[in-house]
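Going left to right, the sequence shown walks through residues 16 to 436 as this note's numbering numbers them.
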Amino acid sequence: FWQYGEWVEVVVDDRLPTKDGELLFVHSAEGSEFWSALLEKAYAKINGCYEALSGGATTEGFEDFTGGIAEWYELRKPPPNLFKIIQKALEKGSLLGCSIDITSAADSEAVTYQKLVKGHAYSVTGAEEVESSGSLQKLIRIRNPWGQVEWTGKWNDNCPSWNTVDPEVRANLTERQEDGEFWMSFSDFLRHYSRLEICNLTPDTLTCDSYKKWKLTKMDGNWRRGSTAGGCRNYPNTFWMNPQYLIKLEEEDEDEEDGERGCTFLVGLIQKHRRRQRKMGEDMHTIGFGIYEVPEELTGQTNIHLGKNFFLTTRARERSDTFINLREVLNRFKLPPGEYVLVPSTFEPHKDGDFCIRVFSEKKADYQAVDDEIEANIEEIDANEEDIDDGFRRLFVQLAGEDAEISAFELQTILRRVLAK
Numbered sequence: 016f017w018q019y020g021e022w023v024e025v026v027v028d029d030r031l032p033t034k035d036g037e038l039l040f041v042h043s044a045e046g047s048e049f050w051s052a053l054l055e056k057a058y059a060k061i062n063g064c065y066e067a068l069s070g071g072a073t074t075e076g077f078e079d080f081t082g083g084i085a086e087w088y089e090l091r092k093p094p095p096n097l098f099k100i101i102q103k104a105l106e107k108g109s110l111l112g113c114s115i116d117i118t119s120a121a122d123s124e125a126v127t128y129q130k131l132v133k134g135h136a137y138s139v140t141g142a143e144e145v146e147s148s149g150s151l152q153k154l155i156r157i158r159n160p161w162g163q164v165e166w167t168g169k170w171n172d173n174c175p176s177w178n179t180v181d182p183e184v185r186a187n188l189t190e191r192q193e194d195g196e197f198w199m200s201f202s203d204f205l206r207h208y209s210r211l212e213i214c215n216l217t218p219d220t221l222t223c224d225s226y227k228k229w230k231l232t233k234m235d236g237n238w239r240r241g242s243t244a245g246g247c248r249n250y251p252n253t254f255w256m257n258p259q260y261l262i263k264l265e266e267e268d269e270d271e272e273d274g275e276r277g278c279t280f281l282v283g284l285i286q287k288h289r290r291r292q293r294k295m296g297e298d299m300h301t302i303g304f305g306i307y308e309v310p311e312e313l314t315g316q317t318n319i320h321l322g323k324n325f326f327l328t329t330r331a332r333e334r335s336d337t338f339i340n341l342r343e344v345l346n347r348f349k350l351p352p353g354e355y356v357l358v359p360s361t362f363e364p365h366k367d368g369d370f371c372i373r374v375f376s377e378k379k380a381d382y383q384a385v386d387d388e389i390e391a392n393i394e395e396i397d398a399n400e401e402d403i404d405d406g407f408r409r410l411f412v413q414l415a416g417e418d419a420e421i422s423a424f425e426l427q428t429i430l431r432r433v434l435a436k
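Spelled out as structure tokens, the structure:
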């Protein structure tokens, strides 16, 4: 499994929990098939226990099984460039899934009058623009993993709308059979589906050279009470103490989106090992991040930790959509070339935790942790034999013995006796 930047092998035995002769958790309809239950046991082991797997997010599984970085969109409020985002994701070999929300348990796997299944995970396999009756139509290709039950609305396999498309284009895009895969208009896709999830794969996962690949950077850090756990912007006296990471965006994307130029990148902030700590009564912190433009007078410099006054007078250029108690907070951004500082934080100050940050960018970018250099210029004390107290000398010889060396515990004993005087 992928765990915070590295692949971790997990070894388990084949003893699986049962009740009344039935597997308790994941199981196959085939009584002799156990791979899924064994995989789940290994996943439970790396997270601490089976209970730690409850209440997870689909995106966590996406990431732990592929090493990718997962983002999701509510289709009731899609970004204006979502169709382009989908096309680029498919070009990069990303995994895309969509689903229709259910309002009750009775809705699960219910089929609508146009043959869409509620609460069901579909995959998105294509996105094309075709010319139809003199205008461009945006189409999405979707697959039902059942391999059957297909959309019966506009642009389905047998829809007359295909007769308005160039025959060669139509032949390339359609196969008229009940295979679970179908086309629909992008507007119908937004109207009928509730959520889209995209798992962007890392360059090392993609073995095919035809895919365009993301540039990936990973940075590790921590929040520590009293030093780097500053909380969010609501706590101005401590916010500046949070870890800071310098991002240098140098190259714009090759293509414009809706006339907008800039550098596209994804930022994912993951808190580490929180599920494993559920047994100790701990749970997910509420986390988020802000991105600040570096002032012109500080550009080009390194190890400039922005201070309290900067954050009192400067608004974030971008920020995570929300602070939330999930394992990961992720957002997609597009900014002009320049230098920016990323500040990850918990919502409340004084919360201990470890985290990793991953940045996926379309073009190469530079990243580094920034911090104040700490120097200790301590004046060396020049002591000679005559300056040493006779009582202290006797105590040292008594504890040190012939080798004239003492352990840490013996040093504690000496200090306690000297300080007690």
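Glycine residues also receive a C-beta, built at the ideal position from the N, C-alpha and C atoms.
This structure is a prediction, so every number in the text was calculated from the model and none was measured.
| Check | Outcome |
| --- | --- |
| Using CA coordinates, which residue listed in ASN96, THR329, LEU341, LEU357 is at the minimum distance from GLY305? | LEU357 |
| Give every residue of the same chain whose Cβ lies closer than 6 Å to the Cβ of SER123, excluding the five residues on either side of it in the sequence, and list them in chain order. | ILE117, GLY134 |
| Using 9 Å as the threshold, is the C-beta distance between TYR137 and TYR208 below it? | yes |
| Let me know the secondary structure DSSP gives MET234 once reduced to three states. | strand |
| Quick check: what's the CA-CA separation for LEU313 versus CYS278? | 21 Å |
| If contact is defined by three or more beta carbon pairs under 8 Å, each pair taking one atom from either stretch, is the segment 316 to 333 in contact with the segment 247 to 255? | yes |
| Let's see if you can read the secondary structure: which residues bound the alpha helix (DSSP H) around ILE319? | Counting along the chain, ILE319 falls outside any alpha helix (DSSP H), and DSSP gives it neither H nor E. |
| By the 10 Å Cβ neighbour count, where 16 or more other Cβ atoms means buried, how is TYR128 classified, buried or exposed? | exposed |
| Taking Cβ to Cβ, would you say GLN152 is nearer than 9 Å to TRP166? | no |
| Tell me where the alpha helix (DSSP H) around ASN62 begins and ends. | 50 to 62 |
| Out of GLN316, THR74, SER114, PRO175, point me to the one whose CA is closest to TYR260's CA. | GLN316 |
| When burial is assigned at 16 or more other CB atoms within 10 Å of the CB, is ILE393 buried or exposed? | exposed |
| Look up GLU78 in the DSSP assignment and say whether it is helix, strand or coil. | helix |
| For the beta strand (DSSP E) containing ALA186, name the first residue and the last one. | Looking at the DSSP string, ALA186 is not in any beta strand (DSSP E); the run it does join, the alpha helix (DSSP H), is 182 to 188. |
| Give the secondary structure of SER360 by DSSP, where H, G and I count as helix, E and B as strand, and everything else as coil. | strand |
| Hey, GLU13 and GLY283 are a contact pair by Cβ (cut 8 Å); roughly how many whole angstroms apart? | The chain is shown from 16 up to 436; residue 13 falls before or after that span and cannot be answered. |
| Determine whether the beta carbon atoms of ARG156 and GLY141 lie at a separation below 9 Å. | yes |
| Near GLY368, which residues of its chain fall below 6 Å by C-beta distance, leaving aside the five closest residues on each side in sequence? | TRP238, GLN286, HIS300 |
| For ASP381, which of helix, strand or coil comes out of DSSP? | strand |
| Do PHE348 and LEU281 have their C-beta atoms closer together than 9 Å? | yes |
| In the structure shown, what three-state DSSP assignment does GLY241 receive? | coil |
| Nearest to PRO351 by CA position, among ASP172, ALA423, ALA380, ARG373, is which residue? | ALA380 |
| Using the beta-carbon count (16 or more within 10 Å), is GLU377 buried or exposed? | buried |
| If you draw a straight line from the C-alpha of PHE40 to the C-alpha of PRO32, how long is it? | 8 Å |
| By DSSP, does VAL344 sit in helix, in strand, or in coil? | strand |
| Measuring CB to CB, does LEU110 end up less than 9 Å from ILE213? | yes |
| Could you tell me how far apart the beta carbons of LEU131 and SER200 are, in whole angstroms, since I believe they sit closer than 8 Å? | In fact, because the Cβ distance is near 14 Å, the residues do not count as touching under 8 Å. |
| Quick check on the burial criterion: 16 or more other C-beta atoms within 10 angstroms. Buried or exposed for THR74? | buried |
| CB ASP79 to CB PHE49, shorter than 9 Å? | no |
| If GLY83 and ARG290 are in contact, beta carbons under 8 Å, what's the gap, nearest whole angstrom? | No, GLY83 and ARG290 are not in contact; Cβ-Cβ is about 19 Å, not under 8 Å. |
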